[in-house]
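Residue numbers for the sequence shown follow numbering that gives the first Met the number 0, so the first one is 0 and each next one is one higher.
Accompanying notes for the structure given below.
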Amino acid sequence: MKATAATSSSRGHQLGRFFLNGSNNSSVTTGQPAPTAALTESKTPARRSFALTSTTVDLDPRIHAYRDDIADIALADRIALPHYVAPVARRIGLSVANLHADPSETSELGSQLLYGEGFALLDTVDGWAWGYGLHDHFVGFVRKDALIPDGEATHIVSAISTSLALAQADNAPSTLFMGSRVAGTAEGDCLMTETGSIALADARAIDEAASDPVAIAEMLIDTPYLLGGRSANGIDCSGLVQLSLGMAGHRVQRDSDLQQASAGDILPDGAELRRGDLVFFPEHVGLMVDSETLIHASGHNGKTCTEPLADVIARIAEKHDEPVLARRRIAG
Numbered sequence: 000m001k002a003t004a005a006t007s008s009s010r011g012h013q014l015g016r017f018f019l020n021g022s023n024n025s026s027v028t029t030g031q032p033a034p035t036a037a038l039t040e041s042k043t044p045a046r047r048s049f050a051l052t053s054t055t056v057d058l059d060p061r062i063h064a065y066r067d068d069i070a071d072i073a074l075a076d077r078i079a080l081p082h083y084v085a086p087v088a089r090r091i092g093l094s095v096a097n098l099h100a101d102p103s104e105t106s107e108l109g110s111q112l113l114y115g116e117g118f119a120l121l122d123t124v125d126g127w128a129w130g131y132g133l134h135d136h137f138v139g140f141v142r143k144d145a146l147i148p149d150g151e152a153t154h155i156v157s158a159i160s161t162s163l164a165l166a167q168a169d170n171a172p173s174t175l176f177m178g179s180r181v182a183g184t185a186e187g188d189c190l191m192t193e194t195g196s197i198a199l200a201d202a203r204a205i206d207e208a209a210s211d212p213v214a215i216a217e218m219l220i221d222t223p224y225l226l227g228g229r230s231a232n233g234i235d236c237s238g239l240v241q242l243s244l245g246m247a248g249h250r251v252q253r254d255s256d257l258q259q260a261s262a263g264d265i266l267p268d269g270a271e272l273r274r275g276d277l278v279f280f281p282e283h284v285g286l287m288v289d290s291e292t293l294i295h296a297s298g299h300n301g302k303t304c305t306e307p308l309a310d311v312i313a314r315i316a317e318k319h320d321e322p323v324l325a326r327r328r329i330a331g
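What follows is the structure, given as structure tokens:
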């Protein structure tokens, strides 16, 4: 990510380019990974063969898990590396786990994972786990001790945050943030989860979705701006969009350029904006509250806030010839 004085931003990136040299006589036998939503440690992937042909493959290291020495087995027919590995399903066991670009607390904060969110584990390095979040395939390193065994969630936290009482483990988090996933049973006004109890009113069934993503974003007004953040402790522009849309049942990518390329449908020039539309700027994104007002996690303002769209455009136009890159609408 690159911050500017005009606004907050999403992450910049470089594409990894690999030249795959081979022929019909040379092949690699490998496995096809199980779908990321159903990764298991015990199942062996089905085996298949393919030929590496002479071609060029562009990969984005944010969403394609590869290093110089190893790659996700799903990429085995796209890049030539010494080793491939099938991911092992894990979950996040902390309130918030930082996903770093490198195995270091001082490296770039690429994103964050919330309690109960799935993580595809590919490798461990000096106490760090390398892999990607199952909800968006975003690649990075989390602390190995942030991971717990995989399991099915029954509920998702729908409040900005909720306190966990009657903790069943010494290392149980004291707070769960919006978007956290838990397995539990309703008992009166409480949801009894695997790690303790939370207020039943602060969660909803995992298969339910909010009807209005903008209302979710509005709950996070005044949340501090944090580059790479995804919780009420701190959030950035694309994190706000991803979380808000995710709570409404729409999966989108992590960074604003990825969202711009794939989320919803492009609005034609001249189309009137309406509540829920996405507006993309250089390294920034926000949601329309109505036809004239934007809600966004703003580095300029240091928090999530609403502003007249015209004011945001004018501010960004001071540094960019094309202040608005795209406008998109999520169906439904």
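Even for Gly, the Cβ is constructed at its ideal location relative to N, Cα and C.
Since the structure is predicted, the reported quantities are computational estimates derived from the model, not experimental observations.
Could you tell me the distance, in whole angstroms, from the CA atom of residue i to the CA atom of residue j?
{"i": "L324", "j": "A100", "result": "27 angstroms"}
{"i": "D76", "j": "W127", "result": "27 angstroms"}
{"i": "I205", "j": "G178", "result": "10 angstroms"}
{"i": "Y83", "j": "E217", "result": "43 angstroms"}
{"i": "R142", "j": "D268", "result": "45 angstroms"}
{"i": "D201", "j": "N170", "result": "22 angstroms"}
{"i": "T161", "j": "A309", "result": "36 angstroms"}
{"i": "T292", "j": "H249", "result": "22 angstroms"}
{"i": "T222", "j": "I265", "result": "29 angstroms"}
{"i": "V278", "j": "G238", "result": "14 angstroms"}
{"i": "F361", "j": "D276", "result": "Nothing in the structure corresponds to residue 361, since the chain is present only between 0 and 331."}
{"i": "L112", "j": "I147", "result": "13 angstroms"}
{"i": "T123", "j": "N300", "result": "38 angstroms"}
{"i": "G132", "j": "R253", "result": "10 angstroms"}
{"i": "A79", "j": "E116", "result": "30 angstroms"}
{"i": "T305", "j": "M287", "result": "9 angstroms"}
Ends of the beta strand (DSSP E) at residue i?
{"i": "M287", "result": "283-287"}
{"i": "Y83", "result": "82-84"}
{"i": "D59", "result": "Unbroken run through D59: none, as it is neither H nor E."}
{"i": "D268", "result": "It is not in any beta strand (DSSP E) - D268 carries neither H nor E in the DSSP assignment."}
For a quick check, are the C-beta atoms of residue i and residue j less than 8 angstroms apart?
{"i": "M246", "j": "I215", "result": "yes"}
{"i": "A262", "j": "R203", "result": "no"}
{"i": "R90", "j": "L120", "result": "no"}
{"i": "G92", "j": "A145", "result": "yes"}
{"i": "S230", "j": "F176", "result": "yes"}
{"i": "P212", "j": "S173", "result": "no"}
{"i": "L219", "j": "I234", "result": "yes"}
{"i": "L272", "j": "S290", "result": "yes"}
{"i": "A316", "j": "P307", "result": "no"}
{"i": "G130", "j": "P86", "result": "yes"}
{"i": "E193", "j": "A182", "result": "yes"}
{"i": "I62", "j": "H136", "result": "yes"}
{"i": "A209", "j": "R180", "result": "no"}
{"i": "L165", "j": "G187", "result": "no"}
On the DSSP letters alone, give me the boundaries of the alpha helix (DSSP H) that residue i sits inside.
{"i": "G183", "result": "Not the alpha helix (DSSP H): G183 falls in the beta strand (DSSP E), residues 183-186."}
{"i": "A214", "result": "212-218"}
{"i": "G243", "result": "Before going further, note that residue 243 is Ser rather than Gly in the sequence given. Segment 236-246, the alpha helix (DSSP H) holding S243."}
{"i": "S255", "result": "255-261"}
Going by DSSP, which residues form a beta bridge with residue i?
{"i": "T292", "result": "P307"}
{"i": "Q111", "result": "N97"}
{"i": "A198", "result": "C189"}
{"i": "D122", "result": "W129"}
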